[in-house]
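Below, the structure is given as structure tokens:
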């Protein structure tokens, strides 16, 4: 149920963002810094959740997956652009907190857009005909997808966080090791653009299973391959893994006849837990066994994603819901 309208949430989020950035710029207290970063993370999470839910409400079936991929590609683009902005500012001895002011400009654009866009009404704000007649059970498929989301994000971040350390251990320079990470995110972004078109022609659960399997194999080849082949393996890994997380969210939204914001948020939360656990899980592994062990752990997590996606094929409801929506 929608207690606070989506527009109001975004506008209030803008106010919180301004206060948080102001706190970063004007305060020299560690407690206020921590509070400001917490608010930034909270607002960002709510904003991403709203954006994802809006796509699930506006589009159906395979179109939903392609639209989610296209919009999420800008998340990867931000991952490329803002580090460059930060490097540009820091190289000119400009204070670090101006990077967050630049991020605030993005939220300013979102704030302005809320005045010209019509958002779907939910819960008590919706018309009676729009409200679902009865609550739907999520089914075990949602559990498979939640585990897949957690393992995918934990595996991806656990992998990419330790790639530079692993590459340096093999004798690569710091620049070359950093280039591997840049190559991954660049191909990840292009992969999202490509799959936003490709996914329209395939059953989402089947192609997700194939992509998860390919990503698992490619990550293993990167870990066990030679230095000469590492850039090629990480490029292809970024490309073929780009559609996995968004496809998981899309399939989750299709497990009920009417897209549920609680269900979408549940899967997003599981992915966020994976982010939170990244260094909690991989830090001790690196300390005791080295970065390669962390990469192999990430590879094992990708294998779990493949198993979950394969098992989903036996219980997923997305096909029957797509068929009923077509009639």
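Residue numbers (our numbering): 122 to 448.
Heads up, the beta-carbon is just placed ideally off N, CA and C, and yes, glycines get one too.
The model shown is predicted, which means the values in this text are computed figures rather than measured ones.
Rounded separation between residue i and residue j - CA only
| i | j | result |
| --- | --- | --- |
| residue 336 | residue 147 | 44 Å |
| residue 320 | residue 430 | 16 Å |
| residue 277 | residue 128 | 32 Å |
| residue 346 | residue 260 | 40 Å |
| residue 135 | residue 386 | 20 Å |
| residue 449 | residue 322 | Outside the shown range of the chain (122 to 448) lies residue 449, about which nothing can therefore be said. |
| residue 220 | residue 158 | 13 Å |
| residue 125 | residue 363 | 33 Å |
| residue 338 | residue 409 | 25 Å |
| residue 149 | residue 358 | 42 Å |
| residue 233 | residue 268 | 37 Å |
| residue 448 | residue 237 | Confidence at residue 448 is low in this model, with a pLDDT of 46, below 50, so the placement of that residue should be treated as unreliable; the coordinate-derived value is given next. The alpha-carbon atoms of residue 448 and residue 237 are separated by roughly 33 Å. |
| residue 222 | residue 210 | 12 Å |
| residue 370 | residue 271 | 11 Å |
| residue 170 | residue 341 | 32 Å |
| residue 400 | residue 392 | 14 Å |
| residue 300 | residue 351 | 11 Å |
| residue 254 | residue 274 | In this prediction, residue 254 scores a pLDDT of 48, lower than 50, which makes its location untrustworthy; the coordinate-derived value is nonetheless stated afterwards. In a straight line, the C-alpha of residue 254 is about 35 Å away from that of residue 274. |
| residue 122 | residue 381 | The pLDDT assigned to residue 122 is 46, lower than 50, so where the model puts this residue is not dependable; a value taken from the coordinates is nonetheless given after this. Cα to Cα, the separation comes out at about 9 Å. |
| residue 290 | residue 297 | 12 Å |
| residue 284 | residue 407 | 12 Å |
| residue 310 | residue 213 | 28 Å |
| residue 185 | residue 390 | 20 Å |
| residue 208 | residue 388 | 33 Å |
| residue 436 | residue 205 | 44 Å |
| residue 181 | residue 293 | 46 Å |
| residue 165 | residue 424 | 29 Å |
| residue 394 | residue 239 | 32 Å |
| residue 196 | residue 258 | 31 Å |
| residue 384 | residue 151 | 36 Å |
| residue 228 | residue 133 | 11 Å |
| residue 175 | residue 433 | 25 Å |
| residue 372 | residue 312 | 19 Å |
Distance CB(residue i)-CB(residue j) smaller than 8 Å
| i | j | result |
| --- | --- | --- |
| residue 360 | residue 308 | yes |
| residue 330 | residue 427 | yes |
| residue 189 | residue 173 | yes |
| residue 198 | residue 161 | no |
| residue 368 | residue 422 | no |
| residue 398 | residue 280 | no |
| residue 218 | residue 413 | no |
| residue 353 | residue 191 | no |
Where the alpha helix (DSSP H) containing residue i begins and where it ends
| i | result |
| --- | --- |
| residue 286 | 261-290 |
| residue 376 | Taken as a continuous stretch (DSSP letters only), residue 376 belongs to no alpha helix (DSSP H), as it is neither H nor E. |
| residue 137 | 127-147 |
| residue 414 | 412-433 |
| residue 318 | 295-319 |
| residue 360 | 351-362 |
| residue 381 | Element bounds for residue 381: n/a, residue is neither H nor E. |
| residue 343 | 325-345 |
| residue 167 | 151-179 |
| residue 238 | Looking at the DSSP string, residue 238 is not in any alpha helix (DSSP H), and its letter there is neither H nor E. |
heavy atom of the ligand GTP below 7 Å from residue i C-beta
| i | result |
| --- | --- |
| residue 202 | Because no ligand of any kind appears in the structure shown, any question about the ligand GTP cannot be addressed here. |
Whole-angstrom C-beta distance between residue j and residue i, which should lie under 8 Å
| i | j | result |
| --- | --- | --- |
| residue 142 | residue 225 | 5 Å |
| residue 177 | residue 374 | 4 Å |
| residue 187 | residue 318 | 7 Å |
| residue 365 | residue 333 | 6 Å |
| residue 163 | residue 154 | That pair is no contact at about 15 Å. |
| residue 438 | residue 376 | 5 Å |
| residue 215 | residue 131 | That pair is no contact at about 29 Å. |
| residue 403 | residue 418 | 7 Å |
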